[in-house]
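Presented below is the structure to which this report refers.
Residue numbers (our numbering): 196 to 613.
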C-alpha cells in the first residue's frame, strides 16, 4: 500500500534525475514572472505523486462530509448561531460556493495508509495560483506528459471556465470585486493577481480602500481603475469574498459597507459559510476518516467519550482562527482551566492526527497534508472537485509558516498519472 500510495517510480525518477537546484530556482523565477508579484510563502522543491484512486477516495470523503452538514436541517439551524450578529449577511446562499477539505495520511493498526480528516472550511483557497504552480512543476522539471492535476477529469479550459462561473456568476468582470483585508500584505496575494489576469476582477482592500467603495441605500459601487484613464464609479453586482472575519475583528477594521444590510449584491463565498462549516463542524461528523472532537464546554461537562486520556494525543483549537493560529498541542489542566467559562464554547478538543512521513525526499521522509478544493457554481447540481493542494512538513504543524526554514517542505501539488 505504501509504495502504491506515493508512486515510488515517479518519486525516484524525480529525486535522481529531474530535480536540480538550478531548476528549482528557475521554477520560482517563472512563477513570480508569470504572476507578476513576489511569492512570500515557501514553494516546495517537489510536487507529490499519488495514484488517482487515492485522490478519488479523498474527493469522495470530502463530498460525503460536506453533505452530512448541509443536508441536515438540525445542523444548519445550530450552525446559524455561530455567525457573529454584526457579520450576519441577511441573504444566505443555499450552498457554499467554495469548500476545502484537508486530510493527512496516517497508518492504521494493520499497517496500511489511509486519509484522516484534519479540518474542513467553506472558504476559498488559492485556486488560481495552484493551477499555475502545477503547470510550472511539469514544465520546469520536464515531467511525464501523462501527469495530471485537475480533478473530475477536466482539462485546463474547463477548470478556468468552472472557476470563472463560480466567481463571476452571470456578471461582467467589471461588476465583480475581490475583497480582502490589506491584500498587499497577504501571502495569498499571488492568487489575487491570477484572478486579475484570468478574469479581469479588481481587488479591494476593505480597510484602506474605504474611499474607493461607497454605499448608496442598498447598492455598492467602487472606483474602477482603468489603465490610461481616470477611475470611474462602477456598480458592484457580486463580491468574491476573501476577507476573514477573524482578521477584521482582530485588527478593529470598519469595512466600507455594512454586512448586515440587505445589499443588492451577490456573494461568491457568502461570509456566513465561513462559520457554518469550520472547526465547529467536527463534533457533528460521522465518518471513518474523522478523528474524535468535542467542544471544550462539553469536555468540562464530562463528555469525553472517545478522546484519548493521554494529553499528548490531544489538540486544543480555537474555532475560527486561520492558518493554524492558536492551536495548542498537549494542553494541560491548567491550560484548559485558564480559558474563561464564557469563551470555552469557542474551543475544540480534538484527537491528534499523526501524519505518516511518506514522501521520500533528499532531506528525509516528509509528511503530506492533502487539501481538496471544490467549487459549487450557482445552480450547479453538486459540488465540483477542482484541484488539490499539498503541504509538506516535518514539524508539528503543516502550514508553510511553520516550516519555512527547512528544505523540501511548504506548498506543493498532487500530480497523478492518467
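Glycine included, each C-beta is placed from N, C-alpha and C at the ideal position.
Residue 524 is positioned such that its CB atom lies no closer than 8 angstroms to that of residue 543.
Proximity to residue 415 across 429, 235, 425, 403 peaks at 429, based on C-alpha coordinates. Partner residues in the beta bridge of residue 565, as assigned by DSSP, are 298, 585. A direct Cα-Cα distance of roughly 8 angstroms separates residue 507 from residue 547. Straight-line spacing of the CA atoms in residue 368 and residue 240 works out to 35 angstroms. Put simply, the backbone Cα of residue 381 is about 31 angstroms away from that of residue 338.
According to the DSSP assignment, residue 427 belongs to the beta strand (DSSP E) that extends over 427-431. Taking C-alpha positions only, residue 585 is separated from residue 413 by approximately 41 angstroms. Judged by their CB atoms, residue 256 and residue 293 are not nearer to each other than the 8 angstroms cut-off.
Shown here, residue 468 sits in a helix according to DSSP, grouped into three states. Annotation: residue 440 to residue 348 spans about 35 angstroms, alpha carbon to alpha carbon. Counting other Cβ atoms within 10 Å of its Cβ, residue 559 stays below 16 and is therefore classed as exposed.
When rounded, the separation of the alpha-carbon atoms in residue 423 and residue 389 is 21 angstroms. When secondary structure is reduced to three states using DSSP, residue 461 falls in the strand class.
Beta bridge pairing from DSSP links residue 374 with 399, 436.
Here residue 451 is not near residue 396, since their CB atoms are 8 angstroms or more apart.
Closest by C-alpha distance to residue 446, out of 420, 341, 375, 601, is 375. Close CB contacts of residue 476 within its chain, under the 7 angstroms cut and outside five residues either way in sequence, are with 264, 315 (chain order).
Restricting attention to 435, 243, 488, the CA atom closest to the CA of residue 361 is found in 435. In this chain, the alpha helix (DSSP H) harbouring residue 219 covers 216-230.
With fewer than 16 other beta carbons inside 10 angstroms of its own, residue 574 counts as exposed. Excluding the 5 residues flanking it on each side, residue 274 has same chain C-beta neighbours closer than 8 angstroms at 264, 470, 471, 472, 475, 476, in chain order. For residue 244, the secondary structure class from DSSP, reduced to helix, strand or coil, is strand. Taken atom to atom, the span from the alpha-carbon of residue 326 to that of residue 582 is near 8 angstroms. A direct Cα-Cα distance of roughly 15 angstroms separates residue 392 from residue 354. Distances from the alpha-carbon of residue 495 to those of 266, 531, 551, 462 put 531 closest.
The three-state reading of DSSP puts residue 515 in coil, since its state is none of H, G, I, E or B. Residue 524 carries a strand assignment under DSSP once its states are collapsed to helix, strand and coil.
Beta-bridge partners assigned by DSSP to residue 542: 513. Residue 464 and residue 563 have their alpha carbons spaced roughly 27 angstroms apart. Assigned with DSSP and collapsed to three states, residue 570 falls in strand.
Taking C-beta atoms as the reference points, residue 238 and residue 605 count as a pair closer than 8 angstroms. Burial of residue 545 is indicated by the presence of at least 16 other C-beta atoms within 10 angstroms of its C-beta. Selection 484, 556, 503, 235 evaluated against residue 298 yields 484 as nearest (Cα-Cα).
Within 10 angstroms of the beta-carbon of residue 457 lie fewer than 16 other beta-carbons, which makes it exposed. Its Cα nearest to that of residue 357, the residue 569 stands out among 207, 309, 569.
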